[in-house]
Amino acid sequence: SVLKYRSTSASTSEIATQLNINWILTGEVMEMRDNIKVNVRLIKAEEDRQIWADNYLKRLNVQNIFEIQDEIAHHIVESLKVKLSNGEAGATGLPRADNLESYCLNARAKWYCDQRTKSGMLKAISLYKQALGIDENYAMAWVGLADALMLLHDYGYIERDEVMPEAELALNRAYQLEPKMAETQATLGLLMADKRKIKEAIAKLELATKIRPGYSDAFNWLGWVYNVQGKAELALVNSMKAVELNPLSPEAISNLSLAYLHMGELEKAIRQAKHIQVLNPEWTTGYLYEAIGLLFKGDFNAAEKLLHNLEVNWAGNVVDNLLAMIWYRTEQFRKYEKAKIGFQENGDHFGTALCLAMEGNHNETLVSLSRIKIWDYWNSIAIFSLLRSVFQPVKEKPEFLSILKNARSYWGA
Numbered sequence: 015s016v017l018k019y020r021s022t023s024a025s026t027s028e029i030a031t032q033l034n035i036n037w038i039l040t041g042e043v044m045e046m047r048d049n050i051k052v053n054v055r056l057i058k059a060e061e062d063r064q065i066w067a068d069n070y071l072k073r074l075n076v077q078n079i080f081e082i083q084d085e086i087a088h089h090i091v092e093s094l095k096v097k098l099s100n101g102e103a104g105a106t107g108l109p110r111a112d113n114l115e116s117y118c119l120n121a122r123a124k125w126y127c128d129q130r131t132k133s134g135m136l137k138a139i140s141l142y143k144q145a146l147g148i149d150e151n152y153a154m155a156w157v158g159l160a161d162a163l164m165l166l167h168d169y170g171y172i173e174r175d176e177v178m179p180e181a182e183l184a185l186n187r188a189y190q191l192e193p194k195m196a197e198t199q200a201t202l203g204l205l206m207a208d209k210r211k212i213k214e215a216i217a218k219l220e221l222a223t224k225i226r227p228g229y230s231d232a233f234n235w236l237g238w239v240y241n242v243q244g245k246a247e248l249a250l251v252n253s254m255k256a257v258e259l260n261p262l263s264p265e266a267i268s269n270l271s272l273a274y275l276h277m278g279e280l281e282k283a284i285r286q287a288k289h290i291q292v293l294n295p296e297w298t299t300g301y302l303y304e305a306i307g308l309l310f311k312g313d314f315n316a317a318e319k320l321l322h323n324l325e326v327n328w329a330g331n332v333v334d335n336l337l338a339m340i341w342y343r344t345e346q347f348r349k350y351e352k353a354k355i356g357f358q359e360n361g362d363h364f365g366t367a368l369c370l371a372m373e374g375n376h377n378e379t380l381v382s383l384s385r386i387k388i389w390d391y392w393n394s395i396a397i398f399s400l401l402r403s404v405f406q407p408v409k410e411k412p413e414f415l416s417i418l419k420n421a422r423s424y425w426g427a
């Protein structure tokens with residue numbers, strides 16, 4: 015989350031405000047032949063005041079890199095007089111790498127994967143495999159490889175059969191090496207969500223948050239799981255925690271934006287969606303959530319402009335569905351009718367049901383919804399919460415309740 019500040023001209027207080035933090039650790043690392051020198055300073059951000067500083071000169075190898083990290087961490091704890099419980103003290107470290115080059119490749123791969131673009135995740139996979147080529151017993155790299163492969167499928171960039179077998183093999187290897195590691199448990203949770211076993215996914219992700227309370231992705235994925243189920247308050251709590259831990263994660267912020275949309279807090283949702291666009295302009299989810307917020311506010315022209323030619327791979331036919339809503343409400347009936355016919359011809363039963371519901375054709379709405387066999391991310395998010403108001407007239411009908419039950423059953427809930 016701090017890589018963008020490596021060459022920044024922003025002041026300490028500006029950085030602290032952007033990251034919502036109280037303390038900043040800053041310093042320099044210098045390599046001198048076979049040695050490494052690390053100068054560090056701990057700054058109280060609000061006062062822009064240095065309260066502690068030290069330097070370390072060590073021989074450069076992978077063991078000393080981790081020793082230096084541990085020394086600095088413990089000195090900071092002592093300086094701040096922070097008291098850690100036994101569980102917290104044991105959870106502050108990550109499994110050790112045995113090779114410095116493998117460690118660095120893994121760190122770079124994680125950064126690329128966090129961008130959540132197809133090119134970023136493909137680059138991450140290449141780097142993870144390079145790391146494992148050097149150290150085949152590096153559990154963190156196996157976890158990262160599994161994450162990147164699964165997310166490639168989850169985001170709709172690559173078909174399931176092309177990546178999931180390899181992802182499961184990578185995760186199994188990580189489990190053999192570090193079964194109790196928070197990252198291993200969280201990735202197991204991600205796999206369970208992909209398999210539509212939502213109860214097991216939640217259990218694994220919650221375990222990961224207990225093992226390492228500072229692991230942002232575990233809270234992030236919990237927020238996503240609850241968002242898909244339409245459980246807005248739980249989604250909000252976990253997404254807020256994920257953003258607190260990693261305030262520059264586009265995916266964590268996107269889940270926070272979606273949670274606000276569920277809650278009807280449209281200005282907050284739009285603000286977070288715009289923040290995503292600043293962090294990663296290539297990732298289209300930010301534009302989608304801003305468009306939904308604008309649509310709900312009644313700013314149809316602005317929403318339509320954002321949705322024009324937008325592609326959001328993970329969300330199925332979301333763009334066409336939302337455009338149909340806009341065209342119906344703005345009486346652009348030629349465009350609307352063309353979209354509706356397209357839904358019918360292409361087997362988009364949810365899109366068809368959406369049109370029928372807006373037109374007040376309740377019986378046919380229920381018939382179309384009953385034809386849905388696969389409840390993908392968009393359909394689920396919409397039916398459980400986001401677009402429930404569109405289906406308000408049929409919400410008490412036994413047929414609709416049965417449809418909801420089938421949708422939840424599809425997700426293993």
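Here this note's numbering is used: position 197 in the sequence shown is 211, and no number is missing along the way.
Every residue, glycine too, gets a C-beta built ideally from N, C-alpha and C.
Worksheet item: Which value, in whole angstroms, describes the spacing of the CA atoms of Leu280 and Glu92?
Response: Our two residues, Leu280 and Glu92, have alpha carbons roughly 43 Å apart in a direct line.
Worksheet item: Can you pull the DSSP bridge partners for Ile38?
Response: The secondary-structure analysis by DSSP pairs Ile38 across a beta bridge with Ile57.
Worksheet item: Buried or exposed: Lys354, going by 16 or more other Cβ atoms within 10 Å of its Cβ?
Response: Per the 10 Å Cβ criterion, buried.
Discussion item. Using only the alpha-carbon positions, how far apart do Ala232 and Thr223 sit?
Written reply: So the alpha carbons of these two residues sit roughly 6 Å apart.
Worksheet item: Taking only runs of the alpha helix (DSSP H) that begin and end inside the segment 336 to 381, which ones reach a length of at least 4 residues, in chain order?
Response: If one requires a minimum length of 4 residues, the alpha helix (DSSP H) runs lying completely within the segment 336 to 381 are 347 to 359, 363 to 373, in chain order.
Fill in: Start-to-end residues for the beta strand (DSSP E) that takes in Ile65
In the DSSP assignment, Ile65 falls within the unbroken beta strand (DSSP E) covering 63 to 73.
Item to complete: Run the CB neighbour count on Ile79, radius 10 Å, all protein chains shown included, and call it buried at 16 or more, exposed below.
Response: Ile79 comes out buried.
Discussion item. Here's the rule I'm using: 16 or more other beta-carbon atoms within 10 Å means buried, otherwise exposed. How should Pro412 be labelled?
Written reply: Pro412 comes out exposed.
Item to complete: Report the three-state DSSP secondary structure of Asn151 (helix, strand or coil).
Response: Asn151: coil per DSSP, three-state reduction.
Worksheet item: Where Asn360 and Ala338 are concerned, what is the direct C-alpha to C-alpha distance, given to the nearest angstrom?
Response: Looking at the two C-alpha atoms, the distance is approximately 15 Å.
Discussion item. Tell me the DSSP secondary structure of Asn186 in three-state form.
Written reply: Asn186: helix per DSSP, three-state reduction.
Worksheet item: What do you reckon, are the CB atoms on Ala121 and Leu159 nearer than 8 Å?
Response: Using a Cβ distance threshold of 8 Å, Ala121 and Leu159 do not count as a contacting pair.
Practice prompt. Answer with buried or exposed for Asp62, where buried requires no fewer than 16 other C-beta atoms within 10 angstroms of its C-beta.
Written response: So Asp62 ends up on the exposed side.
Fill in: Sub-8 Å separation of Val404 and Ala371 beta-carbons
Taking 8 Å as the cut-off, the beta carbon of Val404 is found closer than this to the beta carbon of Ala371.
Worksheet item: Which whole-angstrom value is the C-beta distance of Leu272 and Asn241, which I expect to be below 8 Å?
Response: About 5 Å separates the two Cβ atoms, so the contact holds.
Worksheet item: In whole angstroms, what is the alpha-carbon distance linking Asp334 and Ile139?
Response: Rounded to the nearest whole angstrom, the CA to CA distance from Asp334 to Ile139 is 32 Å.
Worksheet item: Taking C-alpha atoms, which residue in Gly41, Thr31, Asp68 lies nearest to Glu60?
Response: Closest by alpha carbon: Thr31.
Worksheet item: Distance, Cα to Cα, Ile216 vs Trp341?
Response: Rounded to whole angstroms, the gap between the alpha carbons of Ile216 and Trp341 is 38 Å.
Worksheet item: Whose C-beta lies closer than 8 Å to the C-beta of Arg20 among residues of the same chain, with five residues either side of it excluded?
Response: Once the five neighbours on either side are set aside, Arg20 has no close Cβ partner at all.
Worksheet entry | Reduced DSSP category for Met44 - H, G, I as helix; E, B as strand; rest coil | When DSSP states are grouped into helix, strand and coil, Met44 belongs to the strand group.
Discussion item. Just to confirm, is the Cβ distance from Thr366 to Val326 under 8 Å?
Written reply: Going by beta carbons, Thr366 and Val326 fall outside the 8 Å limit.
Practice prompt. Rank Leu380, Ser382, Gln358, Asn331 by C-alpha distance to the C-alpha of Asp390 and give the top, closest one.
Written response: Answer by Cα proximity: Asn331.
Worksheet entry | Residue environment, Asp168, which counts as buried when at least 16 other CB atoms sit within 10 Å | Burial call: buried.
Item to complete: With distances taken Cα to Cα, identify the nearest neighbour of Gln199 among Glu176, Ile172, Asp161.
Response: If we check each option's Cα against that of Gln199, Asp161 comes out closest.
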